[in-house]
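Please read the structure below before turning to the comments.
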């Protein structure tokens, strides 16, 4: 099963990552597929910091649901955040709030479809070990 790592660049990344995680938890196709990747607290702070949200992809349109949810979440941000999505094979895509906010409905749909196709692409099979 392929896994995506969704992280946030910019100010307040821990709070933004938690907001994104809460948003993703409301997506029925992603329920039970999310894991929090936490970093140790910075010096002088209590509790871990949410570093990224991990999404386990599988059948049932999870890649398309994740893409649509990320685009919808980022459109609702007032800050200029950048969402970085990394696949297990290291392929990475960035989605920026400034770019997404400029898109009309047709371009937004095309961007969501492009992102879903990138995220849902099958990984090449791992060769057997000798």
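Numbering (the numbering used here), first residue to last: 40 to 169.
By construction, the Cβ of each residue, glycine as well, lies at the ideal position given by its N, Cα and C atoms.
*Tell me where the beta strand (DSSP E) around residue 89 begins and ends.*
Residue mapping note: residue 89 aligns to position 50 of the chain shown, counting from 1. DSSP places residue 89 in the uninterrupted beta strand (DSSP E) bounded by 88-95.
_Check for me: the alpha helix (DSSP H) holding residue 122 runs from which residue to which?_
Numbered from 1 along the chain shown, position 83 holds the residue referred to as residue 122. Per DSSP, residue 122 belongs to no alpha helix (DSSP H); it is in the beta strand (DSSP E), 121-126.
*Answer yes if the segment 61-78 comes into contact with the segment 105-116, meaning at least three C-beta pairs across the two stretches below 8 Å, and no otherwise.*
In this structure the segment 105-116 lies against the segment 61-78, because at least three pairs of beta carbons, one per stretch, are closer than 8 Å.
*On the DSSP bridge assignment, give the partners of residue 45 in chain order.*
Position 6 of the chain shown, counted from the first residue, corresponds to residue 45. In the DSSP output, where bridge partners are listed per residue, residue 45 has 92, 124.
*Quick one: what's got a C-beta closer than 6 Å to residue 58's C-beta in the same chain, skipping five residues either side?*
As a first step, residue 58 is located in the chain shown; it is residue number 19 there, counting from the start. There are no such residues.
_According to DSSP, simplified to helix, strand and coil, what is residue 75?_
Residue mapping note: residue 75 aligns to position 36 of the chain shown, counting from 1. Strand at residue 75.
*If we count the other Cβ atoms within 10 Å of its Cβ and call it buried at 16 or more, is residue 78 buried or exposed?*
For the purposes of this step, residue 78 is identified with residue 39 of the chain shown, where counting begins at 1. Classification of residue 78: exposed, given that the 10 Å Cβ count is below 16.
*Residue range of the unbroken alpha helix (DSSP H) whose run includes residue 110*: Counted from its first residue, the chain shown places residue 110 at position 71. It spans 101-114 - the alpha helix (DSSP H) in which residue 110 sits, taken as one unbroken run.
*Excluding five sequence neighbours on each side, which residues of the same chain lie with their C-beta closer than 8 Å to the C-beta of residue 138?*
Translated into positions along the chain shown, residue 138 becomes position 99. Sequence-distant Cβ neighbours of residue 138 in its own chain, meaning closer than 8 Å and more than five residues away, do not exist here.
*Three-state secondary structure (DSSP) at residue 66?*
If you number the chain shown from 1, residue 66 lands on position 27. In the structure shown, the three-state DSSP call for residue 66 is coil.
_By the DSSP assignment, the alpha helix (DSSP H) with residue 136 in it spans what residues?_
For this step, residue 136 is matched to residue 97 along the chain shown. Residue range 136-140 is occupied by the alpha helix (DSSP H) that includes residue 136.
*So which of 55, 74, 101, 89 has the shortest CA-CA distance to residue 121?*
To locate residue 121, count along the chain shown from 1; it is residue 82. Among 55, 74, 101, 89, the Cα nearest to that of residue 121 belongs to 55.
*Tell me whether the beta-carbon of residue 92 lies closer than 9 Å to the beta-carbon of residue 76.*
Along the chain shown, one-based indexing puts residue 92 at 53. Along the chain shown, one-based indexing puts residue 76 at 37. Yes, Cβ-Cβ distance for residue 92 and residue 76 is below 9 Å.
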